[in-house]
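Student: Could you have a look at this structure, given as structure tokens, before my questions?
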Amino acid sequence: MIRKLCITDKEQYLALLEQLTAVGNISDSKWFLLYQKLENSNIEIYVLVAVHDTNDTMGESSCDKQDKEIILAAGTLLIEQKIIHEGSVVGHIEDIVVAEKARGLGLGKQIVEHLINRAKELGAYKVILDTKEDTAGFYNKIGFHKHEVQMRIDL
-9 MIRKLCITDK EQYLALLEQL TAVGNISDSK WFLLYQKLEN SNIEIYVLVA VHDTNDTMGE
51 SSCDKQDKEI ILAAGTLLIE QKIIHEGSVV GHIEDIVVAE KARGLGLGKQ IVEHLINRAK
111 ELGAYKVILD TKEDTAGFYN KIGFHKHEVQ MRIDL
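Quick note on numbering: the sequence shown equals residues -9 to 145 in the working numbering.
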């Protein structure tokens, strides 16, 4: 089941992100501020999680049922407003991560496809992402293709 990230997901979500990259120390107060920025941003940022109900009950997942859920995968969709392409939007996929214990179950594909569909719903004319060479094959299988070159400057 896929749902939006909830403010009470902090511990599980940050632990999952640590399997992707260094997160650092995020205090409860900083988490609250970051979460509020995500929720109230002029840029629409969607963070979704795949969850497993430890009781295997069917039904809608929500923020009030988290004591029965384990976050197994996550991804972020950033919507960028453009002036070109008749004022359309572009979807940027970021921070795709699947828990080590759940890899190979197709959860990464489910998250990415969910984010692509959400971008379509929001009127995106394309969805882009950056990845490492060793994970490019995963995205190729979903339908992404190499296009141009990414440039970066670390600040």
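Ideal Cβ placement from N, Cα and C applies to all residues, glycine included.
Assign glutamine 26 to one of three DSSP states: helix, strand, or coil.
Tutor: As a position in the sequence shown, residue 26 is number 36, starting the count at 1. Three-state result, glutamine 26: helix.
Student: Do glycine 65 and isoleucine 118 come within 9 Å of each other at the CB atom, strictly closer than that value?
Tutor: The count along the sequence shown starts at 1 and reaches residue 118 at position 128. The count along the sequence shown starts at 1 and reaches residue 65 at position 75. Not in contact: isoleucine 118 and glycine 65 (Cβ atoms no closer than 9 Å).
Student: Looking at the secondary structure, which residues open and close the alpha helix (DSSP H) in which valine 102 lies?
Tutor: Numbered from 1 along the sequence shown, position 112 holds the residue referred to as residue 102. Residues 97 to 111.
Student: Does the segment 89 to 101 come within contact of the segment 134 to 142, defined as at least 3 CB pairs closer than 8 Å?
Tutor: Because the criterion of three Cβ pairs below 8 Å is not met, the segment 89 to 101 and the segment 134 to 142 do not touch.
Student: How is alanine 64 classed by DSSP in three states: helix, strand or coil?
Tutor: In the sequence shown, residue 64 corresponds to position 74, counting from 1. In the structure shown, alanine 64 sits in a strand (DSSP, three-state: E or B).
Student: Comparing C-alpha positions only, which one of Leu62, Glu8, Arg93 sits nearest to arginine -7?
Tutor: For this step, residue -7 is matched to residue 3 along the sequence shown. Nearest of Leu62, Glu8, Arg93 to arginine -7, Cα basis: Leu62.
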